[in-house]
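Colleague: Structure below; questions to follow.
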Amino acid sequence: MSIATGNKTLGLSPLERRLLNDFQHGLPLVPRPYAAMARRLGVSETEVIATLRRLAERGAVSRVGPVFRPNRAGVSTLAAMAVAPEDLERIAAIVSGFAEVNHNYEREHEYNLWFVVTAPDAAALREVLARIEAATGHALLELPLLEDFHIDLGFELEWT
Amino acid sequence: MDLALPRLSPDTEPLDERDRALVRAVQGGLPLVPRPYAAVAAAAGMSEAEVISRLRRLAERGVIRRLGVVVRHRELGYTANAMVVWDVPDDRVAKLGRCLAAYPFVTLCYRRPRRPPAWPYNLFCMIHGRSREGVLAQVDQLVRECGLDALPRAVLFSRRRFKQRGAWYGGDARDAG
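If you read the sequences in order, they're chains A and B. If you're matching positions, the first sequence starts at 37 in the numbering used here and goes up one per residue. If you're matching positions, the second sequence starts at 39 in the numbering used here and goes up one per residue.
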C-alpha cells in the first residue's frame, strides 16, 4: 500500500513510529513488558511508558492490551440505522450513550449510522438492542458476524 | 511469543469465571505502569502470575486475537475509511472473502446476513486509507483481481466518528477512551 499525500510522519519521532507500528501484536507476557520492549528499542522502560502515555493522550493510541476475537469473550453485532440527516447528531448521541456500544460512525448511505454492540451473552445483547431501538425510536438492522476471513496482524502503518 | 498465528480449529469451550473477571479487568487496556499485569491482577482478584498465564492461554486458544498497541487510524492520517459491501452468491462467499482478506489494506473481512429488501449485501470488508481516491483505487484493484466486477456492491465512506473505544464485556462501565 502506498498512497502519496502530504506529511505522513505527522510530527512523530522514530521511537513513536516504532511503538505504533512494531508492537501491535506480541506484547511480551512477562512481568515488565515495557522493559522488554525498551530493550528491543534500545531505550529505557521509563521512556517507553512516557511515550505510550503521550501517544494515548494525543489519541493516536486507543489502548495497549488484548483484542478479543469477536463473539468469544462476549457476543457482539454490527447494527445500522437509517436516520434523517437533521436528526442524526441527536440519535447518534443516544446510541453512543450506551456503554455496550463501542464503535459508532456516520457513513455515506441511506443507512447512515453504523455501530457495534457488545454484551456478555446473547440474551443481554438482544435486550440492549431492544433498548437502543426504544430510546431512539428507530428500527435497526442487526448484522452479526457469520464468518471471519481476516487474520488480525494489526495494521501496517506507512510513513513514507 | 507471536499471538497472531492463525488457528486451524479455534476452540469454543466457554470461558470460566476467572477468565471472565480477567477479561473485564483488561477490556479498557493495560495500565501504562512498569508492572501492568500486577495492576490488572489486583483488579481481577488474582496473582500477577495467574494473569500472565491466563492471558497466554487465552491467546493460545484464539480468544485473544492479538495483544499489543491498538492504534486509532484517523489520528495517524488514515482519514479515508470505507466499508465496502458486496452481494455474493453463497457458494462463492468463502473463496471471495479469503481473496479480499489477503490484501494488506483490507483491515477486516466478514460474512454477515443479508436483510432483504433493505440490505442485500452479505460480504463486508473495511479499508483504511489516506485519501478517498486511494481507497477507491484499492476497491477497483480488489474488484479486478478477485473477479468481483459482475457483483452488486456499495462503498460506504465514514463521515463523523461519534464513538470509538474497546468492546465492553460487562462489569465496570468506565470509558476506555
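Where is the CB? At the ideal position from N, CA and C, for every residue including glycine.
Are the CB atoms of Leu176(A) and Leu161(A) within a distance shorter than 8 Å?
Modeller: no
Colleague: So that I know if they touch, is there some Cβ in chain B lying closer than 8 Å to that of Gly101(A)?
Modeller: For Gly101(A), at least one C-beta of chain B is nearer than 8 Å to its own C-beta.
Colleague: Compute the distance between the beta-carbons of Asn160(B) and Val181(B), then report whether it is under 8 Å.
Modeller: Going by C-beta atoms, Asn160(B) is not nearer than 8 Å to Val181(B).
Colleague: When DSSP builds the beta bridges, which residues end up paired with Glu183(A)?
Modeller: Arg149(B)
Colleague: Run through chain A and tell me which residues come within less than 8 Å of Met121(B), C-beta to C-beta.
Modeller: Arg143 and Trp150
Colleague: Which of the three DSSP states, helix, strand or coil, is assigned to Leu105(B)?
Modeller: strand
Colleague: What does the alpha-carbon distance come out to for the pair Leu182(A) and Thr113(A)?
Modeller: 10 Å
Colleague: Comparing C-alpha positions only, which one of Cys184(B), Pro72(B) and Pro158(B) sits nearest to Tyr141(B)?
Modeller: Cys184(B)
Colleague: Applying the 10 Å Cβ sphere with the 16-neighbour rule, what's the burial state of Thr172(A)?
Modeller: Its Cβ being crowded by 16 or more others within 10 Å, Thr172(A) is buried.
Colleague: What would DSSP say about Glu144(A), mapped onto helix, strand or coil?
Modeller: coil
Colleague: Beta-carbon of Pro67(A) versus every beta-carbon of chain B: anything under 8 Å?
Modeller: yes
Colleague: Counting Cβ pairs closer than 8 Å, one from the region 70-78 of chain B and one from the region 68-75 of chain A, do we hit at least three?
Modeller: yes
Colleague: What span of residues does the alpha helix (DSSP H) with Thr113(A) cover, start to end?
Modeller: That residue, Thr113(A), is in no alpha helix (DSSP H); its beta strand (DSSP E) goes Val111 to Met117.
Colleague: Roughly how many whole angstroms lie between the Cα atoms of Pro64(A) and Glu122(A)?
Modeller: The alpha-carbon of Pro64(A) is positioned some 48 Å away from that of Glu122(A).
Colleague: Closer than 8 Å is the cut-off here; do at least three beta carbon pairs connect the region 163-180 of chain B with the region 52-66 of chain B?
Modeller: no
Colleague: Would you call the CB atoms of Gly135(B) and Phe151(A) closer than 8 Å?
Modeller: Judged by their CB atoms, Gly135(B) and Phe151(A) are not nearer to each other than the 8 Å cut-off.
Colleague: List, in chain order, every chain B residue whose beta-carbon is nearer than 7 Å to that of Glu136(A).
Modeller: Trp206
Colleague: Anything in chain A within Cβ reach of Cys147(B), meaning under 8 Å, just list it in chain order.
Modeller: Near Cys147(B) (Cβ distances below 8 Å), the residues of chain A are Asp184, Phe185 and His186.
Colleague: Whose Cβ in chain B lies nearer than 8 Å to the Cβ of Val97(A)?
Modeller: Correct list: Val107, Val108, Val109 and Arg110.
Colleague: So which residues on chain B does Arg167(A) lean against when the C-beta distance must stay under 7 Å?
Modeller: Ordered by position in chain B, no residue passes the 7 Å Cβ test against Arg167(A), which lies about 14 Å from the chain.
Colleague: Excluding the 5 residues preceding and the 5 following Ala77(B) in the sequence, name in chain order all residues of the same chain whose CB lies nearer than 7 Å to its CB.
Modeller: Pro69 and Val71
Colleague: Please compile the residues from chain A whose C-beta is within a distance smaller than 7 Å of the C-beta of Val196(B).
Modeller: For the sequence presented, residue 196(B) should be read as Ser rather than Val. By Cβ distance, chain A contributes Tyr141, Glu142 and Arg143.
Colleague: Is it true that the CB of Val119(A) sits closer than 8 Å to the CB of Ile127(A)?
Modeller: yes
Colleague: Could you tell me whether any Cβ in chain A is nearer than 8 Å to the Cβ of Val126(B)?
Modeller: no
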